[in-house]
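Residue numbers (our numbering): 1403 to 1688.
Here's the structure, in structure tokens; my notes come after.
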Amino acid sequence: MIDSADSNADPQIALNSGRSIPQLGYGTFKVAPADAAAAVGAALETGYRHIDTAQMYGNEAEVGAGIAASGISRSDLFLTSKLNNNNHRPDDARRSFEESLAKLGTDYLDLFLIHWPLPTRYGGDFVSTWKVLEEFAADGRARSIGVSNFQVPHLQRLLGDADTAPAVNQVEVHPRFGNEEVRTFCREQGIAVEAWSPLAQGAVMDEPVVQELAESLGRTAAQVVLRWHLQRGDIVFPKSMSPARMRENFALFDFELGGDAMARLSSLDRGADGRVGPDPDTFDRV
């Protein structure tokens, strides 16, 4: 469910945890630690209030420093991190979560995710890992918990054994890879979808239809694609190191795409051939 009383404000997505998440955030994937504090500071100055990081990114401490330097109240921010692939064993998950809180300079996370299901690692057991995240939710140190890169069979198994359904599934989604099977299942189960690589690492912006729509609307190609995501209900967090590009990516709430434009962008879907990232069924890096 999208709740937006003001079309020029970042709308909120209601989560099944009873919380809500800003639909547009700032992502820190591949933001070098040396650059992360300044980048996060610039994003917050632009108006972003949703910051996405991960243990795997190696920049949690610097993200935390950028937040602290901003002077913005913690209660006004939505902060996400994710469990690294080498921390799936329950005691490792507990230890690393405490380390994430310390690095980020906070006593709670708004959202904590299992980063990858790793079905060929740890005996395929991501359920015991999930139960540790349920502990974090129960004691309030994670306001919401979720997963990332989970396919439908992974979600079905988790829902069959878990006490709590994931609030979020963060998966690859963009016009060349709509990931519709996963999105449909998540919608049916009340799981919000976050779209990583929403611009297909920039590749989708070269599509003629994207260029044509951008020209006709007087917008950039990135704005057109990000607006497509928002109107579909995806949560997005584009990454840029440029303050000007951050502002561009945030200027999405004063225009809309018509039904024909939405359909034309959706028609770019190439299925699995459109992926730019790893296949979650086989990805096993730790």
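The beta carbon of each residue, even a glycine, is placed where N, CA and C say it ideally should be.
No experiment lies behind these values; they were computed from the predicted model shown.
TODO: Ignore the nearest five residues each way along the sequence and tell me which others in E1583's own chain have a CB closer than 7 angstroms to its CB.
DONE: What you label residue 1583 is simply residue 181 of the sequence shown in a count that begins at 1. The residues are V1554.
Open item on the list: My assumption, with CB atoms under 8 angstroms, is that R1476 sits in contact with T1508. Please give the rounded CB distance.
Closed with: Here residue 1476 is taken as the residue at index 74 of the sequence shown, counted from 1. Here residue 1508 is taken as the residue at index 106 of the sequence shown, counted from 1. Rounded, the Cβ-Cβ distance is 6 angstroms, consistent with contact.
Task: S1440 versus F1652 - alpha carbon distance - done: The count along the sequence shown starts at 1 and reaches residue 1440 at position 38. The count along the sequence shown starts at 1 and reaches residue 1652 at position 250. At residue 1440 the sequence reads Ala, which differs from the Ser that was named. Straight across, the Cα-Cα distance linking A1440 with F1652 is about 17 angstroms.
- [ ] Please work out which residues of its chain come closer than 6 angstroms, Cβ to Cβ, to D1412, disregarding the five sequence neighbours upstream and downstream, and give them in chain order.
- [x] Here residue 1412 refers to the residue found at position 10 when the sequence shown is read from its first residue. So the qualifying residues of the chain are P1424, L1426.
Task: Collapsed DSSP secondary structure at Q1613 in the structure displayed - done: Counting from 1 along the sequence shown, the entry for residue 1613 is found at position 211. In the displayed model, Q1613 falls within a helix according to three-state DSSP.
Open item on the list: Let's see if you can read the secondary structure: which residues bound the beta strand (DSSP E) around N1571?
Closed with: For this step, residue 1571 is matched to residue 169 along the sequence shown. Counting along the chain, the beta strand (DSSP E) containing N1571 begins and ends at 1570-1574.
TODO: Step through the CB atoms of chain C and report whether any lies within less than 9 angstroms of the CB of E1658.
DONE: Any reference to chain C falls outside this structure, which holds one protein chain only.
Task: K1533 (DSSP reduced to helix, strand or coil) - done: In the sequence shown, residue 1533 corresponds to position 131, counting from 1. Helix, per DSSP.
TODO: Under 8 angstroms by Cβ, that's how I've got A1456 and H1517 pegged, so tell me the actual separation to the nearest angstrom.
DONE: To locate residue 1456, count along the sequence shown from 1; it is residue 54. To locate residue 1517, count along the sequence shown from 1; it is residue 115. Going by Cβ atoms, the distance from A1456 to H1517 rounds to 6 angstroms, so yes, they are a contact pair.
- [ ] Classify D1408 as helix, strand or coil using the three-state DSSP reduction.
- [x] As a working note, residue 1408 is residue 6 in the sequence shown. Here D1408 scores only 38 on pLDDT, less than 50, and its place in the model is too uncertain to base an answer on.
TODO: With L1584 as the anchor, note down where its alpha helix (DSSP H) starts and where it stops.
DONE: Along the sequence shown, one-based indexing puts residue 1584 at 182. One point to set straight first is that residue 1584 is Val, not Leu, in the sequence displayed. From DSSP, the alpha helix (DSSP H) with V1584 extends over 1582-1591.
Open item on the list: Would R1585 and V1573 be called neighbours here (beta carbons separated by less than 9 angstroms)?
Closed with: Your numbering for residue 1585 matches position 183 in the sequence shown. Your numbering for residue 1573 matches position 171 in the sequence shown. Yes, Cβ-Cβ distance for R1585 and V1573 is below 9 angstroms.
- [ ] Give the C-beta separation of F1514 and L1535 to the nearest angstrom, bearing in mind that I take them to be a contact with Cβ-Cβ under 8 angstroms.
- [x] By 1-based counting over the sequence shown, the position of residue 1514 is 112. By 1-based counting over the sequence shown, the position of residue 1535 is 133. Their Cβ separation, rounded to whole angstroms, is 6 angstroms, which keeps F1514 and L1535 in contact under 8 angstroms.
Open item on the list: To test your reading of the DSSP string, which unbroken alpha helix (DSSP H) runs of 4 or more residues are found completely within the segment 1439-1502?
Closed with: List check, alpha helix (DSSP H) in window: 1462-1472.
Open item on the list: Taking the beta strand (DSSP E) that L1515 belongs to, which residues open and close that run?
Closed with: In the sequence shown, residue 1515 corresponds to position 113, counting from 1. Start and end: 1513-1516.
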